[in-house]
Amino acid sequence: MRRYGSIRGAGVSALTTTALMLIVVLPFVLFGGKSLSSTAVIFLINVTLVIALQTFVGNSGILSFGHVAFMGVGAYVTAWLTIPPELKSNQLPELPAFLAEARWGFFPSLLAAAFVSALFAAIVGIILVRMTVNAMVMATLALLLVMYSVWLNWSTLTRGSSGVFGIPRETTPVLAIAVAVVFIFVARLFKTTRIGLQLRASREDELSSAALGINVRRVRYIGWVFSAALMGAAGSLWSFNIIAFDPGQFSFAMTFALLAMLILGGKESVLGAVVGAAVVGLVTESFSRIEQGVSVFGIELPRITGTVQFVIALLIIIALIWRPDGIVGRREIEDFIPPLAAWLRRSQGQSEDSASQKLTQSPEEADQGSSSDFILQGTGMAKSFHGVKAVAGIDIEVKRGEILGLIGPNGSGKSTLLNLISGLTNLDSGQVLLAGRDVTGQPSHIVAQQGLARTFQNIRIFPHLLVVENVFAPPRTTAESGHLSLKQLGLLDLRFTEANTLSYGMQRRLEIARAMGTQPSVVLLDEPAAGMNHSESDILLSDIRSLAVHHGCGVIIIDHDLRLIMRLCDRIQVLEAGKTIAVGTPTEVSSDPVVLAAYLGDVPIEINEPAQGEISLAAKEN
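With numbering that gives the first Met the number 0, letter number 450 in the sequence shown gets 449, and the count goes up by one each step, no holes.
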């Protein structure tokens with residue numbers, strides 16, 4: 000898994016989170032006696048379980064009811080490998096010989112549990128990741144029910160409802176702390192990998208992710224398997240502490256407890272998993288005493304069964320109303336320590352500056368290798384919706400460094416045409432060639448990986464990711480190209496800003512920067528100047544022109560701002576009712592009688608052919 004971020008940053012964040020956790024835990028372990036030490040161990044085990052769940056749920060945005068099944072796999076694998084052979088011969092006489100004689104230690108069993116859980120997840124994940132998000136959620140619930148039935152009825156391996164016993168109690172406070180520290184570090188590190196970033200991008204906007212070249216199914220699959228491996232290891236750790244269990248412990252009660260920790264702490268944060276485990280642990284420890292009956296001023300109060308679950312459920316309701324992102328929200332530990340956050344950002348910024356220096360290609364050099372051949376060709380493209388022809392046999396072509404404008408009345412097929420080119424919508428007939436390669440019928444992420452990037456009519460950034468994370472999410476983006484695109488679009492100083500806090504105009508620029516970071520051969524811009532005033536659109540015009548020249552890519556742009564289109568574009572293609580009615584230079588199109596009658600009318604159009612030396616103000620400044 001390639002990184003987009005810093006291992007050092009992930010390590011420092013993980014160590015700081017660990018330090019916070021140890022501040023809470025160590026007093027219980029060192030001075031709390033056997034009872035409180037045991038409570039601390041349970042808390043640490045819960046941390047590993049909820050972090051394993053968070054790795055998938057928090058990063059993908061897909062709720063999973065089935066992860067407890069992987070916990071069960073890990074626990075049973077540990078039981079098969081560690082229960083003394085003499086006990087296994089009585090409990091599980093029909094075990095295969097290699098399991099019946101096995102007597103593994105703590106760490107080998109932990110790794111085996113992780114491996115078997117990952118293997119199981121890999122098998123079921125092939126089907127699950129092909130589902131829609133809602134269907135996948137329901138499928139994870141079905142998985143939990145199926146596995147509970149398996150544990151209950153496959154007595155040869157599980158002893159059914161009688162359960163298994165005799166697992167060595169090896170989960171000491173030191174081992175529990177060590178495993179929890181590893182989990183925190185691994186979870187934070189996964190978040191900084193390119194896969195982790197792409198998984199979070201798919202959480203924000205699946206359509207936009209695919210259009211940028213992200214294979215959404217693939218990243219979900221990897222996240223699912225990786226998370227299951229962690230869950231299996233956590234289940235192993237849990238079994239080494241509880242030493243005896245039955246299928247009933249891998250059911251809704253455990254699922255509810257883990258989801259409660261995740262929701263209360265903050266499901267999109269590793270720190271949130273730790274905080275959530277602490278909150279639920281505190282509630283459980285406090286209110287379980289009420290369930291057992293307490294005395295107040297000498298008066299024995301009646302036992303109230305279910306108090307713990309009631310209080311936790313109440314806290315969840317309160318959190319969902321007033322704190323839907325959880326106690327810590329999306330923030331990690333460094334976000335609460337400004338000096339640490341500043342240091343980490345300076346460190347990342349230095350790395351980016353170093354990477355950007357490797358990109359020395361000038362605009363002139365970019366043009367040297369360009370050919371006069373068309374970089375994109377679409378022929379005979381057609382698409383109908385419910386019998387209505389949205390696109391009826393359109394041909395389109397664009398050269399390297401050329402800007403082609405698409406104009407026409409609403410409903411003329413402009414946006415549909417871009418969707419057909421980018422693979423978001425399947426052609427009924429026709430062909431699309433990108434740099435000479437036939438991409439007809441390819442999924443959008445494959446087309447994007449071949450060198451096509453696009454923006455959308457309605458802004459589709461990843462709102463809860465940082466600006467820099469938005470730009471680095473696509474698989475084609477490198478450290479050099481990502482840094483350069485941020486610089487060219489005037490976003491470098493805002494790169495550590497959450498995207499949804501940017502102004503409207505800056506969000507538009509972010510979309511373009513994200514597209515240009517992929518080093519595209521062709522860029523499709525769908526109304527990039529929508530909502531901008533003349534001053535803002537003029538700056539954008541200059542930016543697009545300079546980007547096309549610098550990168551040597553073809554640009555197809557749709558915009559209702561005819562003033563911008565006429566000044567920006569080398570050629571203009573006019574559509575009406577899904578057909579092309581004119582193609583030519585701005586001067587030719589603006590004087591075409593057919594175009595005047597169909598679209599332009601008598602409205603005067605300002606035409607200023609773009610000057611050769613016209614460059615972006617943002618590019619000048621940076």
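By construction, the Cβ of each residue, glycine as well, lies at the ideal position given by its N, Cα and C atoms.
Would you report the Cα separation of Val123 and Ala51, rounded to the nearest angstrom? Within the sequence shown, residue 123 is the residue found at index 124, counting from 1. Within the sequence shown, residue 51 is the residue found at index 52, counting from 1. Their backbone Cα atoms lie some 18 Å apart in a straight line.
Quick one: complete alpha helix (DSSP H) runs, 4+ long, within the segment 103 to 143? Here the runs fully enclosed are 105 to 127.
Nearest-angstrom Cβ-Cβ length linking Pro585 and Ile571, presumed shorter than 8 Å: Within the sequence shown, residue 585 is the residue found at index 586, counting from 1. Within the sequence shown, residue 571 is the residue found at index 572, counting from 1. Rounded, the Cβ-Cβ distance is 6 Å, consistent with contact.
Between which two residues does the alpha helix (DSSP H) holding Ala547 run? Numbered from 1 along the sequence shown, position 548 holds the residue referred to as residue 547. Where Ala547 is concerned, the enclosing alpha helix (DSSP H) stretches over His533 to His550.
State the DSSP-derived secondary structure class of Ala391, mapped to helix, strand or coil. Indexing the sequence shown from 1 puts residue 391 at position 392. DSSP places Ala391 in strand when its eight states are reduced to three.
Considering only C-alpha positions, which residue in the set Glu203, Ala9, Gly73 and Asp558 is nearest to Leu567? The sequence position of residue 567 within the sequence shown is 568, counting from 1. When each option's Cα is compared against that of Leu567, the closest is Asp558.
Compute the Euclidean distance between the alpha carbons of Met540 and Leu563, then round it to the nearest angstrom. Translated into the one-based positions of the sequence shown, residue 540 becomes position 541. Translated into the one-based positions of the sequence shown, residue 563 becomes position 564. Rather than Met, the amino acid found at residue 540 in this sequence is Leu. Straight-line Cα distance between these residues: approximately 7 Å.
Cβ-based burial, Thr476 [other Cβ within 10 Å; buried from 16]: Against the sequence shown, residue 476 aligns to sequence position 477. Flag for Thr476 reads buried.
With distances taken Cα to Cα, identify the nearest neighbour of Val215 among Ala18, Ile22, Arg202 and Leu258. For the purposes of this step, residue 215 is taken as residue 216 along the sequence shown, with counting starting at 1. It is Arg202.
Opposing strand residues paired with Ser243 [DSSP bridges]: Here residue 243 corresponds to residue number 244 of the sequence shown, with the count starting at 1. Note on identity: in this sequence residue 243 is Ala, with Ser being the wrong assignment. Bridge partners of Ala243 according to DSSP: Phe164.
So, using beta-carbon positions, are Leu198 and Arg219 closer together than 8 Å? As a working note, residue 198 is residue 199 in the sequence shown. As a working note, residue 219 is residue 220 in the sequence shown. Result yes, Cβ atoms of Leu198 and Arg219 sit closer than 8 Å.
Between the segment 268 to 276 and the segment 67 to 74, do three or more beta carbon pairs fall short of 8 Å? Here the segment 268 to 276 makes no contact with the segment 67 to 74; the two share fewer than three CB pairs at distances below 8 Å.
If you drop the 5 nearest sequence neighbours on each side, which residues of the same chain put their C-beta closer than 6 Å to that of Ser207? Walking along the sequence shown from the start, residue 207 turns up at place 208. Arg459.
Tell me whether Ile556 sits in a helix, a strand or coil according to DSSP, three-state version. The residue you call residue 556 lines up with position 557 of the sequence shown. Ile556 falls in the strand class under three-state DSSP.
On the DSSP bridge assignment, give the partners of Ser428 in chain order. Locating residue 428 in the sequence shown gives position 429, where the first residue counts as 1. Answer is Ala381.
What are the partner residues of Lys578, as DSSP defines its beta bridges? For this step, residue 578 is matched to residue 579 along the sequence shown. DSSP lists Glu575 as the beta-bridge partner residues of Lys578.
Is DSSP giving Glu510 helix, strand or coil here? Numbered from its first residue, the sequence shown carries residue 510 at position 511. Helix.
Can you give me the start and stop residues for the alpha helix (DSSP H) that Leu595 sits inside? For the purposes of this step, residue 595 is identified with residue 596 of the sequence shown, where counting begins at 1. It is not in any alpha helix (DSSP H) - Leu595 carries neither H nor E in the DSSP assignment.
I need the boundaries of the alpha helix (DSSP H) containing Gly73, first residue and last residue. The residue labelled residue 73 in the question sits at position 74 within the sequence shown. Per DSSP, Gly73 belongs to the alpha helix (DSSP H) from His66 to Thr81.
Alpha helix (DSSP H) containing Leu188: first to last residue? Here residue 188 refers to the residue found at position 189 of the sequence shown. Counting along the chain, the alpha helix (DSSP H) containing Leu188 begins and ends at Pro172 to Thr191.
Exposed or buried, which one is Thr139 when buried takes at least 16 other CB atoms within 10 Å? Residue mapping note: residue 139 aligns to position 140 of the sequence shown, counting from 1. It counts as buried.
Less than 8 Å between the C-beta atoms of Leu433 and Gly410, yes or no? In the sequence shown, counting from the first residue as 1, residue 433 sits at position 434. In the sequence shown, counting from the first residue as 1, residue 410 sits at position 411. Against a cut-off of 8 Å, the Cβ pair of Gly410 and Leu433 comes out as no contact.
Grab me the residues of Leu14's own chain with a C-beta within less than 7 Å of its C-beta, minus the 5 sequence neighbours each way, in chain order. Taking the sequence shown and counting its residues from 1, the one referred to as residue 14 is at position 15. Closer than 7 Å at the Cβ level, and outside the excluded window around Leu14, lies no residue.
Report the three-state DSSP secondary structure of Ala18 (helix, strand or coil). Mapped onto the sequence shown, residue 18 falls at position 19. It is helical.
Just the Cα atoms here: how many angstroms apart are Ile262 and Gly325? Counting from 1 along the sequence shown, the entry for residue 262 is found at position 263. Counting from 1 along the sequence shown, the entry for residue 325 is found at position 326. Going from the Cα of Ile262 to the Cα of Gly325 covers about 6 Å.
Less than 6 Å between C-beta atoms, sequence neighbours within five positions excluded: which residues of the same chain meet that for Val132? Mapped onto the sequence shown, residue 132 falls at position 133. Same-chain partners within the cutoff: Ile61.
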